[in-house]
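Participant: Sequential numbering of the sequence shown, starting at 1, is according to the UniProt record's numbering. Yeah, the Cβ is synthetic: ideal placement off N, Cα and C, and Gly gets one too.
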Amino acid sequence: MDILLADRFRKMIKQSNLRITMSQLVEMTGVSPSQIRYWEKKGYINSEQGEKNQNHLYSINILYRVCTIKFFLDQGYTLAVAVKKEQERREAVKLFREFIFNQKLSVEQTGSGKGEIILGKIAENPNTEVYATIEDGKTELHLRKSE
Numbered sequence: 001m002d003i004l005l006a007d008r009f010r011k012m013i014k015q016s017n018l019r020i021t022m023s024q025l026v027e028m029t030g031v032s033p034s035q036i037r038y039w040e041k042k043g044y045i046n047s048e049q050g051e052k053n054q055n056h057l058y059s060i061n062i063l064y065r066v067c068t069i070k071f072f073l074d075q076g077y078t079l080a081v082a083v084k085k086e087q088e089r090r091e092a093v094k095l096f097r098e099f100i101f102n103q104k105l106s107v108e109q110t111g112s113g114k115g116e117i118i119l120g121k122i123a124e125n126p127n128t129e130v131y132a133t134i135e136d137g138k139t140e141l142h143l144r145k146s147e
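1) Report all residues from its chain with a CB closer than 7 Å to the CB of residue 33; omit the five preceding and five following residues, and keep chain order.
2) For residue 114, which residues of its own chain have a beta-carbon under 6 Å away from its beta-carbon, when the five flanking residues on both sides are left out?
3) Taking DSSP as the reference, what is the three-state secondary structure of residue 31?
4) Might you give, ordered along the chain, the residues of its own chain that have their beta carbon closer than 7 Å to the beta carbon of residue 19, omitting 5 neighbours on each side?
5) Could you tell me whether the segment 83–90 touches the segment 103–114, where touching means 3 or more Cβ pairs closer than 8 Å?
6) Which runs of the beta strand (DSSP E) spanning at least 3 residues fall entirely within the segment 66–140, listed in chain order?
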């Protein structure tokens, strides 16, 4: 993906003013309003509220956070552990996102459902690059002399 295009997408997501109400959050996640209020009171999630007695509005990031916490709760974890696991997942995603956005990836489609992605050169051996091939839903990593 072109770096400028990736930057544009990143800015759009960060600047997104898309918000949902508590009712929508409840409907989308299956988490009860009382749970959401409790999580907000504990500081696990936050909402925006213009004035007192107005609807609470939640960002898309909070929607993801609530879904992830609920996922871990459904796996049998306590709320405290589910929140910790969600925070760890969020940090891992942040690192992965940084990796992707900082790479000068080259993507080439080589056929229907087939392609090659050049991930970059090896730091210790700049004459060698890492690339991935994708075919029939299977991804493999390879090394080769860089051009």
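Facilitator: Result, derived from the coordinates:
1) 22 and 26
2) 135
3) coil
4) 48, 57, 58 and 59
5) no
6) 106–111, 114–122 and 125–135
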